[in-house]
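K.L.:
I am attaching a structure below and will ask some questions about it afterwards.
Numbering (the working numbering), first residue to last: 98 to 230.
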């Protein structure tokens, strides 16, 4: 069954206990991946590469309206960037179940132009494997 994206709840935490919803978001991406290691050797005559599974990795991107009054969600991410500390990101795909992961904020940007609203973007890298919640 398809899910409506507006039902998603994205929140963050500094301690993996108390989560605060990130306000103002209208775009979110959660991209786990795995390094693929090539194992093809010189004696392989199949004409095709062989591979093995390597380490898990992933990234998160989020963007939306800059909420200057959001003293919890967006602020936790900005502070995590400023201090280089681990933040925990939790996404509940249907509002109740989903994934969480420890992460490090790679960048965040606040942007505005004279004819548009002020927006906010963050790029976050996994710091471990995601787990189901």
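Note that the Cβ used here is the ideal one computed from N, Cα and C, for glycine as well.
Here the structure is a predicted model, which means the values were calculated and not measured.
1) So residue 161 and residue 124 are in contact, right, with Cβ under 8 Å, and what is the actual spacing, rounded?
2) Near residue 164, what residues of its chain come up, given a Cβ to Cβ distance below 7 Å and the 5 sequence neighbours on each side ignored?
3) Could you tell me the boundaries of the alpha helix (DSSP H) in which residue 181 lies?
4) Looking only at its own chain, which residues have a Cβ that is under 6 Å from the Cβ of residue 169, when we skip the five neighbours before and after it?
5) Any contact of the region 152-161 with the region 204-219, i.e. 3+ C-beta pairs under 8 Å?
6) Hey, quick one: how far does the beta strand (DSSP E) through residue 200 stretch, first residue to last?
7) Going by DSSP, which residues form a beta bridge with residue 126?
P.N.:
A quick look at the data gives this:
1) Position 64 of the chain shown, counted from the start, is the residue given in the question as residue 161. Position 27 of the chain shown, counted from the start, is the residue given in the question as residue 124. The pair is a contact, with the Cβ atoms about 6 Å apart (cut-off 8 Å).
2) Working through the chain shown from its first residue, we reach residue 164 at position 67. 120, 121 and 171.
3) Stepping through the chain shown from its first residue, residue 181 is reached at position 84. No alpha helix (DSSP H) contains residue 181, which DSSP labels as neither H nor E.
4) The sequence position of residue 169 within the chain shown is 72, counting from 1. When the five nearest sequence neighbours on each side are left out, the beta carbons in the same chain lying within less than 6 Å of the beta carbon of residue 169 are those of 117, in order along the chain.
5) yes
6) In the chain shown, the residue the question calls residue 200 occupies position 103. 195-208 is the span of the beta strand (DSSP E), which, as asked, contains residue 200.
7) As a position in the chain shown, residue 126 is number 29, starting the count at 1. Answer by DSSP bridge pairing, in chain order: 158.
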